[in-house]
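Q: Going by my numbering, the sequence shown wraps up at 217, each residue one higher than the last.
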Amino acid sequence: KRMYHRIILAMNICLLPYAITDFVGTWAMPAGTPYRLGALGNQTTCTIQGFLSIVFSFAVPYYYSSLSIYSCFAVRNSFKEESYRHIEKWIHLSAVCISLPVAVFFAAIEGINPNATVCYAAEFPPNCANDPGVPCERGGDSVSMMIKKIYALCIIFVTFVIPPMALLYLRASIKRVNRDTKGSVGKKKMIESFRKRALKDLSAQSGLYLLSFWS
């Protein structure tokens, strides 16, 4: 029932539809899509798959990243959850408030089309936005292309920037606790030793989650 477990639960809930859309792959693409083996669906199935892919391609790495943020707040507040529990609602709201409007936008402008392996935010015909000789039938306008690039940068940021920064913060915290432990005696030394063990466990756990996601 702790905040940590609720974040893990939300992450696993997001992983399920993300894995399903990835498993379905080209099957959801409209039948006859050029150069896409196994395309058996239609535009509706493609849009549904793309909508889910857009939402959860951000939500999944975001929740992995939020574990790192949680770790930093836990350390900063000496693992007293009541002191940082207020951030939980913002963690869950941000996962939806960032990804859902983007998915709705691309669905509304017919900007969800076959991509490399799944339907996603893409123009059709492929690369028509970069070829003046090929008019775009669906998507491909300058606004949607800009939003697509910004969204991709957001995914890169939450995947490859925030978690390593959080791990560096945890590493620095461990070094600081090591110094404090050496100069402590009695009860204070016991408390600092407990913090040191908790920090090491938290750092190891965060590192394992990060490696499992990157792999």
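Backbone N, C-alpha and C define an ideal beta-carbon position, used for all residues, glycine too.
What residues in its chain sit with their C-beta under 6 angstroms from that of tyrosine 171, if we drop five residues either side in the sequence?
A: Answer for tyrosine 171: Cys74, listed in chain order.
Q: Rounded to whole angstroms, how far is the Cβ of alanine 105 from the Cβ of asparagine 115, which I believe are closer than 8 angstroms?
A: Contact flag wrong, Cβ pair sits at about 14 angstroms.
Q: Name the DSSP bridge partner or partners of arginine 140?
A: Beta-bridge pairing links arginine 140 to Phe126.
Q: Which of helix, strand or coil does DSSP assign to isoleucine 114?
A: Isoleucine 114: strand per DSSP, three-state reduction.
Q: Look up glycine 40 in the DSSP assignment and give the residues it is bridged to.
A: Glycine 40 is not bridged to any residue.
Q: Determine the burial state of arginine 38: buried for a count of at least 16 other Cβ atoms within 10 Å of its Cβ, exposed for fewer.
A: That one is buried.
Q: Buried or exposed: which applies to serine 85, given that a residue is buried once 16 or more other Cβ atoms fall within 10 Å of its Cβ?
A: Per the 10 Å Cβ criterion, exposed.
Q: Measure the Cβ-Cβ separation of glycine 113 and serine 146 and say whether it is below 8 angstroms.
A: Yes, Cβ-Cβ distance for glycine 113 and serine 146 is below 8 angstroms.
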